[in-house]
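Reviewing the structure listed below.
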Amino acid sequence: MIDTLDDLDVEGTTVGVRVDINSPIADDGSLADDARLRAHVDTLSELLERGGRVAVLAHQGRPGGDDFGTLSPHADRLSDLLGRPVDYVDATFSQAARDAVRSLEDGDCVVLENTRFYSEEYMEFDPDRAARTQLVANLAPVLDAYVNDAFAAAHRSQPSLVGFPTVVPGYAGRVMESELDVLGSIEETPEPRIYVLGGAKVPDSIDVAWSVLEKDLADHILTAGVVANVFLIADGVDLGDASSDFIYEQGYWDEIDRASDLLDAYGDRIALPRDVAVDRDDGRHELGVNALPPQEGEAAMDIGSSTLAYYERLLEDAGTVILNGPAGVFEDDRFELGTRRLYGAATGVPTSIVGGGDTASALRRLGVEGFSHVSTGGGAALQMLTADQLPAVSALERTVDAA
Ligand SMILES: Nc1ncnc2c1ncn2[C@@H]1O[C@H](COP(=O)(O)OP(=O)(O)O)[C@@H](O)[C@H]1O
Ligand SMILES: O=C(OP(=O)(O)O)[C@H](O)COP(=O)(O)O
1 MIDTLDDLDV EGTTVGVRVD INSPIADDGS LADDARLRAH VDTLSELLER GGRVAVLAHQ
61 GRPGGDDFGT LSPHADRLSD LLGRPVDYVD ATFSQAARDA VRSLEDGDCV VLENTRFYSE
121 EYMEFDPDRA ARTQLVANLA PVLDAYVNDA FAAAHRSQPS LVGFPTVVPG YAGRVMESEL
181 DVLGSIEETP EPRIYVLGGA KVPDSIDVAW SVLEKDLADH ILTAGVVANV FLIADGVDLG
241 DASSDFIYEQ GYWDEIDRAS DLLDAYGDRI ALPRDVAVDR DDGRHELGVN ALPPQEGEAA
301 MDIGSSTLAY YERLLEDAGT VILNGPAGVF EDDRFELGTR RLYGAATGVP TSIVGGGDTA
361 SALRRLGVEG FSHVSTGGGA ALQMLTADQL PAVSALERTV DAA
């Protein structure tokens, strides 16, 4: 049983609120999409209106990535969305951060700096050890309560997600509460059940594939995006140097062996693309897998039209579809077809559940709507839908009692 905001006596309480406002970032450093910030408005408004003193904790990107950076633009945008001043401090747990938290008054809000600017936050720990990290050990003493609303990051066992509730009474925020409510009963959704695994987080997708196939939760897995490219290579298809180099550079080369093991064990339930789209003469050019490899320098950027027709047929009979990850590089108009058509077809399935930051942003951009549930989380939603426990949720279940 997890306590929620209904169980928290908010007035005059200093609350550390972990949100997931990890967002696409434009070339000029501004937010390219604010959907994840909007999602947390209810939780933050409620805490502030009930007289809470709110310190927001969040991450943005991964170390070394193009979207890794400061939460300053997020604070400005949150201020617009909440309709009240939101301060920002470029520190997370130092004296400056602690002073900023201590000086909060009832109804005040400050955004602390990106938790992942500190190396421990990008490591995984058990909750007790996470409580001894610099972030938690230094910040917890200035907090009276901890609210976790970051469902989208709840599959990570990182200090800001599992450490605080070990030492500060923890509560689920409104986003966390509603996601757990909707996604907690996968076994009860209509069959046949199809999982569509696209996007670029290949290790997460392969973990999910193993789990849902082993547990017999998935009747079919449809592969798309970079995930499909890894499976195609595992299946012996020569995708060419450009796609292979991309997979290697992402550090996903070992995933080819894992994909190959999955194909050996469950190949009859895993659908692979029959054709792919490459960039040729500045346009979209589709190639059947039998016609691969592509020309020098061409990479598989989307699934092709024959694959889409094949996947659409499989979706016609599905009772439930669970989708994560764009089917291609949707940011480029030439390669948005796979995502638009595949996700469009999924809206016709009786129960359709979609997750993922980039996925949600792709769907808004492409105007695809009509799903049963659009989750704020991608990997987290998928892990929930494997019927596995999320570390951050377990940490809330075992939180210390309020004094
Ligand atoms: N074939 C492909 N080659 C390279 N990148 C791809 C391909 N297909 C999809 N992508 C990229 O995957 C990214 C999104 O993946 P991911 O982060 O896993 O999604 P989500 O945030 O929804 O979980 C997008 O930036 C998209 O351009
Ligand atoms: O964007 C996120 O996950 P998602 O891409 O699975 O939706 C979360 O912010 C978690 O980020 P992470 O996958 O870098 O730990």
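Here full-length UniProt numbering is used: the first residue of the sequence shown is 1, the next is one more, and so on.
Think of the CB as a built atom: it goes at the ideal place given N, C-alpha and C, for glycine as much as any other residue.
- If you compare the alpha carbons of Ala152, Val110, Gln158 with that of phenylalanine 125, the shortest gap goes to Gln158.
- Inter-segment contact for the region 284 to 291 and the region 260 to 275 is present: three or more beta-carbon pairs are separated by less than 8 Å.
- Asparagine 324 carries a strand assignment under DSSP once its states are collapsed to helix, strand and coil.
- Short of 6 Å from the beta carbon of arginine 98, and not among the five residues preceding or following it, lie these beta carbons of its own chain, in chain order: Val142.
- Excluding five sequence positions before and after proline 293, the CB atoms of its chain that fall closer than 7 Å to its own CB belong to Asp238, Leu239, Gly240, given in chain order.
- Asparagine 22 is positioned such that its CB atom lies no closer than 8 Å to that of arginine 38.
- Under the DSSP definition of a beta bridge, arginine 53 partners with Thr14.
- Beta-bridge annotation (DSSP): serine 352 is paired with Val321.
- The alpha-carbon separation between arginine 365 and valine 41 amounts to approximately 22 Å.
- Note on glutamine 389: under 16 other CB atoms within 10 angstroms of its CB, so exposed under the neighbour-count rule.
- The criterion of a C-beta distance shorter than 8 Å is not satisfied by glycine 348 and glutamate 336.
- Here glycine 107 has Leu48, Gly51 as same chain residues with Cβ atoms under 7 Å from its own Cβ, once five neighbours each way along the sequence are excluded.
- At the C-beta level, leucine 183 and methionine 1 stay beyond 8 Å of one another.
- Secondary structure note for histidine 74: its alpha helix (DSSP H) is the uninterrupted segment 72 to 82.
- Beta bridge pairing from DSSP links arginine 284 with Asp279.
- In this structure, glutamate 331 has its CB closer than 7 Å to one or more heavy atoms of ligand 1.
- If only uninterrupted alpha helix (DSSP H) runs of at least 4 residues are considered, those enclosed by the region 110 to 158 are 127 to 130, 134 to 139.
- An exposed status is given to glycine 29, since fewer than 16 other beta-carbon atoms sit within 10 Å of its beta-carbon.
- Under the 10 Å beta carbon count, lysine 201 is surrounded by 16 or more other beta carbons and is classified as buried.
- Counting only unbroken stretches of 3 or more residues, the beta strand (DSSP E) elements lying wholly within the region 218 to 287 are 220 to 223, 275 to 280, in sequence order.
- Contact fails between the region 184 to 198 and the region 73 to 91, because fewer than three Cβ pairs, one in each stretch, are under 8 Å apart.
- Inclusion of asparagine 22 in the 7 Å shell around ligand 2 follows from its C-beta lying nearer than that to a non-hydrogen atom of the ligand.
- Annotation for leucine 8: Ala145, Tyr171 place their beta carbon closer than 7 Å to its own, counting only its chain and skipping 5 residues before and after.
- Annotation: alanine 58 to tyrosine 88 spans about 12 Å, alpha carbon to alpha carbon.
- In terms of CA proximity to leucine 31, Gly69 leads the group Gly69, His220, Leu5, Thr43.
- DSSP places arginine 102 inside the alpha helix (DSSP H), whose first and last residues are 95 to 102.
- Taking the Cα positions, asparagine 138 is about 24 Å away from aspartate 3.
- About 6 Å separates the beta carbon of threonine 43 from that of valine 175, a gap short enough to meet the 8 Å contact definition.
- At a cut-off of 3 residues, the continuous stretches assigned as beta strand (DSSP E) that sit fully inside the region 345 to 402 are 351 to 355.
- For aspartate 34, the shortest C-beta to heavy atom distance toward ligand 2 is 7 Å or greater.
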